[in-house]
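These notes are about the structure you will find just below.
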Amino acid sequence: MATSYTPHARDQTLLEVYDYINQVPGKDVRGRLIDAFNAWLRIPADTIGVIKAIITELHNASLLVDDIEDNSTLRRGIPVAHSIYGVPTTINSANYVYFLALERCHQLGNPAAMNIFVHELLNLHRGQGQDILWRDNLRCPTEEEYRRMVLDKTGGLFRLAVGLMQAFSASEVDFTPLVNQLALYFQIRDDLINLSSDDYMASKSYAEDLTEGKFSFPIIHCITSRPTRRRCQQKEVLLEVERLGGHEELVSLLEYLDRQVRTSEPAGGGAGGGAQPASPRRAAEAGGGGAAASAPNVEHRVDSLLDDWPAREWTFDSLRKRIGQALVDTGSSTGGVPFYLVAANAQRGRSGTADLALYVFDSDFSADSGKSCLLEDVDRLPTLTRGSVCEAGAAAEHDDRPVWRWLLAGPEGSGTLIHQDPWGYTSWNALFVGDKRWILFPPSVPRETLHPPRTDLIGRAAACLGLHLPRGACEFMDEVLPALRGQGLGEVDLVQRPGEVIAFPAGWWHAVVNLDATLAWTESFMRTRDLASITHALRRGGLGDFANVVQDEATATSVVQDLPLERK
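All the letters of the sequence shown, read from the start, carry residue numbers 1168 to 1735 under this note's numbering.
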């Protein structure tokens, strides 16, 4: 209900500083974010106009204050406002605009919108405060602390924009996980560009985050990768990030966030709903999934390999009783979610909404994780993994050993997009509950063949934000796979059922869709024939110490046996 409040008469004298920064427009990322989400939310144009004005005012006013707090010299290629108007006038102008934005929100006459405004402005200032605290006290945060800061500082305005829209929408879909992933992607990408982009240097200054003493993500990664070198000189940091494989890992992280943005997409493709896609099982039957397709070294074991494993008795109910309160990693949550929520989500069936992001890929089985008991239920697969140098010795317990085993749990329709496993490891997957459809391609198939450009609504919305979003597993199988058939690419299309094992060598592309709610266990291991490429990848990724241990143990123990994956 609209209020009788009389709008404040804006004082243009106080807005002169604000108008100065606006003379050079920014990239309007947040405005395009609003346009992209409105494809789903369908908010009237007049309300969208007010929301855009609120976000623009808050963003640009915050830049005035940020430049003071960061001792910046340039903003958008021109001198910062406080270098011309002075610090007191600039601060006052920024605060004035904050309250003008609050007034706009108040005039919308929506209590939920006001609550969202206050909540996210508090988050934004908390995040900025943490960033300043670390810088001024020379304390390098952990990557987890950095992530929480970004969700407050960068995510605050992102969530405010979408939250205000949701306050006026009939949609009940919670877009928060998607917006959080966008914020993380945006900020980490911005941190990397700050250290490496000539275009960025032209509008601000060279490696400005270094000059300001900020702990941006590449710097945090550099320092935490080699704790003994915590006092790198600024001029060495860029070389150090490159030497430690930081750029490659950061790009990999951005690709991971890119995938998480995609998994948070509401089903249905956009506004107006439209026909739901065919169920994964019907698509598998129509597309030939389940045929006895095979290729050298891709093995589909349907014998009694898992019969003695206690994990064969797993169900969602039994695991909920054992690890229900334990936090598991779903990729789209900010700190893990209790397993009982994952179980409830999976057993509810294919919902067609954003909660499909609750697909567990969890690798923490430490004593305090609440999940170490699961290790008693699974075993090694000696017919596949014998000969791996990480079965025993120093390599098995090395601090830098990459994650190599995961609990997988997800609802019908969840899955993994087409990808290659990292580090050159070979992988196997043991399934205990439900069915999975697998599509595999040889390493020789080019990436661009499997990741053609997107032209659908989510792809166009992502393009508004400057993002490339790959297709999810169901989309890949529905939209891309049919066009690839008959080209002689050597694809393998099969359905894995409970009690069966899939194993494939390093470098094979694969996408997986859960045809039912599924529980599975997967591990990666080193084949001796791949040791040279594995140790090379580890060194490029900043894990040279671990690579050396692996190489030394392989030589010392004469581990040369390399069993084929295919059945004899």
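Every residue, glycine too, gets a C-beta built ideally from N, C-alpha and C.
Problem - Any 3 or more C-beta pairs closer than 8 Å across the segment 1304-1321 and the segment 1179-1197 - result: no
Handout entry: Rounded C-alpha distance that separates Ser1518 from Thr1180
Key = Position 351 of the sequence shown holds residue 1518. Position 13 of the sequence shown holds residue 1180. Note on Ser1518: pLDDT 43, under 50, position unreliable in the model; the coordinate value appears next. Between Ser1518 and Thr1180, the C-alpha separation is close to 54 Å.
Exercise for the section: Consult DSSP for Phe1713 and reduce its assignment to one of helix, strand or coil. Expected result: Counted from its first residue, the sequence shown places residue 1713 at position 546. DSSP places Phe1713 in helix when its eight states are reduced to three.
Exercise for the section: Pull up the DSSP beta-bridge partners for Arg1468, would you. Expected result: Within the sequence shown, numbered from 1, the residue matching residue 1468 stands at position 301. According to DSSP, Arg1468 bridges with Val1668.
Practice task
For Val1659, count neighbouring C-beta atoms within 10 Å of its own C-beta (all shown protein chains included) and say buried if the count is 16 or more, exposed if not.
Solution key: Position 492 of the sequence shown, counted from the first residue, corresponds to residue 1659. Classification for Val1659: buried.
Handout entry: Thr1321 versus Asn1512: straight-line alpha-carbon distance, rounded
Key = Numbered from 1 along the sequence shown, position 154 holds the residue referred to as residue 1321. Numbered from 1 along the sequence shown, position 345 holds the residue referred to as residue 1512. Approximately 29 Å between the Cα atoms of the pair.
Practice task
Measuring alpha carbon to alpha carbon, tell me which of Glu1270, Pro1211, Val1191, Ala1678 ends up nearest Pro1740.
Solution key: Outside the displayed range of the chain (1168 to 1735) lies residue 1740, so it cannot be described from this structure.
Practice task
Quick one: give me the first and last residue of the alpha helix (DSSP H) that Ala1248 is part of.
Solution key: For the purposes of this step, residue 1248 is identified with residue 81 of the sequence shown, where counting begins at 1. Per DSSP, Ala1248 belongs to no alpha helix (DSSP H) and is neither H nor E.
Practice task
Determine the extent of the alpha helix (DSSP H) in which Leu1200 is found, giving its start and end residues.
Solution key: For this step, residue 1200 is matched to residue 33 along the sequence shown. It spans 1196-1208 - the alpha helix (DSSP H) in which Leu1200 sits, taken as one unbroken run.
Handout entry: Which of helix, strand or coil DSSP assigns to Trp1590
Key = Position 423 of the sequence shown, counted from the start, is the residue given in the question as residue 1590. If DSSP states are grouped into helix, strand and coil, Trp1590 belongs with the helices.
Exercise for the section: Just confirm the distance between the C-beta atoms of Ala1687 and Phe1483, as a whole number of angstroms; I'd bet it's less than 8 Å. Expected result: Here residue 1687 refers to the residue found at position 520 when the sequence shown is read from its first residue. Here residue 1483 refers to the residue found at position 316 when the sequence shown is read from its first residue. At roughly 12 Å, the Cβ-Cβ gap does not stay under 8 Å, so Ala1687 and Phe1483 are not in contact.
Practice task
Give me the Cα-Cα distance between Val1408 and Ser1691, rounded to the nearest whole angstrom.
Solution key: The residue given as residue 1408 occupies position 241 in the sequence shown. The residue given as residue 1691 occupies position 524 in the sequence shown. In this prediction, Val1408 scores a pLDDT of 45, lower than 50, which makes its location untrustworthy; no coordinate-derived value is stated.
Exercise for the section: Assign Pro1649 to one of two classes, buried (16 or more other C-beta atoms within 10 Å of its C-beta) or exposed (fewer than that). Expected result: Residue 1649 sits at position 482 when you count from the first residue of the sequence shown. Flag for Pro1649 reads exposed.
Practice task
Report the rounded CA-to-CA distance for Asp1178 versus Val1527, giving the unit in angstroms.
Solution key: Looking up residue 1178 in the sequence shown gives position 11. Looking up residue 1527 in the sequence shown gives position 360. Each residue's Cα considered, the two are about 53 Å apart.
Problem - C-alpha distance - Leu1288 paired with Asp1529, whole-angstrom precision - result: Within the sequence shown, the letter at position 121 stands for residue 1288. Within the sequence shown, the letter at position 362 stands for residue 1529. About 33 Å.
Exercise for the section: Would you check if the distance between the CB atom of Asp1567 and the CB atom of Phe1713 is smaller than 8 Å? Expected result: Within the sequence shown, residue 1567 is the residue found at index 400, counting from 1. Within the sequence shown, residue 1713 is the residue found at index 546, counting from 1. Result yes, Cβ atoms of Asp1567 and Phe1713 sit closer than 8 Å.
Exercise for the section: Tell me whether the beta-carbon of Val1469 lies closer than 8 Å to the beta-carbon of Trp1675. Expected result: Counting from one through the sequence shown, the residue named residue 1469 turns up at place 302. Counting from one through the sequence shown, the residue named residue 1675 turns up at place 508. No, the pair does not count as a contact, with Cβ atoms beyond the cut-off.
Exercise for the section: Round the Cβ separation of Pro1477 and Asp1531 to the nearest angstrom and send it over; I've been treating them as touching at under 8 Å. Expected result: As a working note, residue 1477 is residue 310 in the sequence shown. As a working note, residue 1531 is residue 364 in the sequence shown. About 20 Å separates the two Cβ atoms, so there is no contact after all.
Exercise for the section: Note down the Cα distance separating Arg1209 from Ile1201, rounded to an integer number of angstroms. Expected result: For the purposes of this step, residue 1209 is taken as the residue at position 42 of the sequence shown. For the purposes of this step, residue 1201 is taken as the residue at position 34 of the sequence shown. Roughly 11 Å separates the two Cα atoms.
Practice task
Determine the closest residue to His1586 out of Pro1578, Trp1605, Trp1573, Ala1576, with distance taken between C-alpha atoms.
Solution key: Residue 1586 sits at position 419 when you count from the first residue of the sequence shown. For His1586, the closest alpha carbon among the candidates Pro1578, Trp1605, Trp1573, Ala1576 is that of Trp1605.
Exercise for the section: Taking Lys1219 as part of the alpha helix (DSSP H), name the residues at either end of that continuous run. Expected result: Within the sequence shown, numbered from 1, the residue matching residue 1219 stands at position 52. Start and end: 1212-1236.
Problem - Chain-order list of residues whose beta-carbon lies under 7 Å from that of Ser1536 (same chain, five-residue window excluded) - result: Your numbering for residue 1536 matches position 369 in the sequence shown. Taken in chain order, the residues that qualify are Ala1493.
Problem - Whole-angstrom distance between Thr1256 and Asp1496, CA atom to CA atom - result: In the sequence shown, residue 1496 corresponds to position 329, counting from 1. In the sequence shown, residue 1256 corresponds to position 89, counting from 1. Between Asp1496 and Thr1256, the C-alpha separation is close to 47 Å.
Practice task
Inspect the CB distances between the segment 1590-1600 and the segment 1640-1657 and report whether three or more fall short of 8 Å.
Solution key: no
Problem - Leu1473 and Ala1597 closer than 8 Å at C-beta - result: The residue given as residue 1473 occupies position 306 in the sequence shown. The residue given as residue 1597 occupies position 430 in the sequence shown. Yes, they are a contact pair.
Exercise for the section: Express the C-alpha separation of Pro1578 and Ile1490 in angstroms, rounding to a whole number. Expected result: Against the sequence shown, residue 1490 aligns to sequence position 323. Against the sequence shown, residue 1578 aligns to sequence position 411. So the alpha carbons of these two residues sit roughly 18 Å apart.
Practice task
Drop a sphere of 10 angstroms on the beta-carbon of Asn1681, count the other beta-carbons inside from all chains shown, and report buried for 16 or more, exposed for fewer.
Solution key: The sequence position of residue 1681 within the sequence shown is 514, counting from 1. It is buried - the Cβ of Asn1681 has at least 16 other Cβ atoms within 10 Å.
Practice task
Using only alpha-carbon positions, find the residue among Asp1475, Ser1539, Ala1576, Trp1571 that is nearest to Ala1510.
Solution key: Taking the sequence shown and counting its residues from 1, one reaches residue 1510 at position 343. Nearest option by C-alpha distance: Ala1576.
Exercise for the section: Check Leu1600 in the structure and name its three-state DSSP category. Expected result: Position 433 of the sequence shown holds residue 1600. Residue 1600 is actually Val in this sequence, not Leu. Val1600: strand per DSSP, three-state reduction.
Practice task
Find the nearest neighbour of Ala1280 within the set Cys1540, Ala1350, Gln1333, judged by alpha-carbon distance.
Solution key: Taking the first residue of the sequence shown as position 1, residue 1280 is located at position 113. For the residues Cys1540, Ala1350, Gln1333, the minimum Cα distance to Ala1280 belongs to Gln1333.
Practice task
Give me the Cα-Cα distance between Leu1705 and Thr1223, rounded to the nearest whole angstrom.
Solution key: The count along the sequence shown starts at 1 and reaches residue 1705 at position 538. The count along the sequence shown starts at 1 and reaches residue 1223 at position 56. Distance between the alpha carbons of Leu1705 and Thr1223: 44 Å.
Problem - Cβ-heavy atom distance, Ala1220 to the ligand SAH, below 7 Å - result: The ligand SAH is not among the ligands present in this structure, which contains no ligands whatsoever.
Handout entry: Classification of Phe1353 by the beta-carbon crowding that lies within 10 angstroms, buried from 16 upward
Key = Along the sequence shown, read from residue 1 onward, the residue named residue 1353 stands at position 186. By the neighbour-count criterion, in which a residue is buried when 16 or more other Cβ atoms sit within 10 angstroms of its Cβ, Phe1353 is buried.
Practice task
Just tell me which of Asp1358, Asn1715, Gly1655, Leu1710 has its CA closest to the CA of Thr1616.
Solution key: Residue numbering aside, residue 1616 sits at position 449 when the sequence shown is read from its first letter. Closest option to Thr1616, Cα to Cα, is Gly1655.
Exercise for the section: Could you check what DSSP says for Pro1505 in three-state terms: helix, strand or coil? Expected result: The residue you call residue 1505 lines up with position 338 of the sequence shown. Residue state, collapsed to three classes: strand.
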